[in-house]
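Data block below; observations after.
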Amino acid sequence: MLILIAGPYRSGTGDDPQKMEDNLQRLEAPSHALFRAGHIPMIGEWVALPVWRAAGGKTVGDALYEEIFHPTAHRLLQLCDGVLRLPGDSKGADNDVRIARERGIPVWFALEDVPGVTA
Numbered sequence: 076m077l078i079l080i081a082g083p084y085r086s087g088t089g090d091d092p093q094k095m096e097d098n099l100q101r102l103e104a105p106s107h108a109l110f111r112a113g114h115i116p117m118i119g120e121w122v123a124l125p126v127w128r129a130a131g132g133k134t135v136g137d138a139l140y141e142e143i144f145h146p147t148a149h150r151l152l153q154l155c156d157g158v159l160r161l162p163g164d165s166k167g168a169d170n171d172v173r174i175a176r177e178r179g180i181p182v183w184f185a186l187e188d189v190p191g192v193t194a
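Sequence positions in the sequence shown follow our numbering and run 76 to 194.
Here it is, written out as structure tokens:
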């Protein structure tokens, strides 16, 4: 399955680049376990960041950022077979969960609940 990993990226960082990088690393942490289980992990920022940079993005939260980041996750949800929602406050991740549920896409809140993942 293609599984979107959703959780805090920008939330709670005050747009501090190091804090955002730390959050991205937390999002990436379950990716190997998902891959080992036969899935393809996906994180919206893996797609949005290079698109934003290629479009000339410079300032987190600017109009271009808003135009690209959340819509990227929404487009990915058209392709994903599931969502792994990691802990932490995130309006974007909460919205991903809402969209997934509306589309009948399974949502897991623990890595070990994803089919095929072993502890």
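Even for Gly, the Cβ is constructed at its ideal location relative to N, Cα and C.
Integer-rounded CB distance, given that residue j should sit under 8 Å from residue i
{"i": "G157", "j": "V189", "result": "7 Å"}
{"i": "H149", "j": "I174", "result": "6 Å"}
{"i": "L247", "j": "V192", "result": "No statement about residue 247 is possible, as the shown extent of the chain runs from 76 to 194 and does not include it."}
{"i": "L124", "j": "A130", "result": "Not quite, the Cβ-Cβ distance comes to about 11 Å (not below 8 Å), so this is no contact."}
{"i": "L152", "j": "D164", "result": "The pair is not a contact, with the Cβ atoms about 20 Å apart (cut-off 8 Å)."}
8 Å Cβ cutoff met for residue i and residue j
{"i": "I78", "j": "L102", "result": "no"}
{"i": "P116", "j": "S106", "result": "yes"}
{"i": "G82", "j": "R160", "result": "yes"}
{"i": "L99", "j": "E120", "result": "yes"}
Coarse secondary structure for residue i, derived from DSSP in three states
{"i": "G157", "result": "strand"}
{"i": "V189", "result": "coil"}
{"i": "V182", "result": "strand"}
{"i": "G167", "result": "helix"}
{"i": "P162", "result": "coil"}
{"i": "L139", "result": "helix"}
{"i": "L152", "result": "coil"}
- Message: Which complete alpha helix (DSSP H) runs does the stretch 77-133 hold, if anything under 4 residues is left out?
- Response: 92-103, 106-111, 119-129
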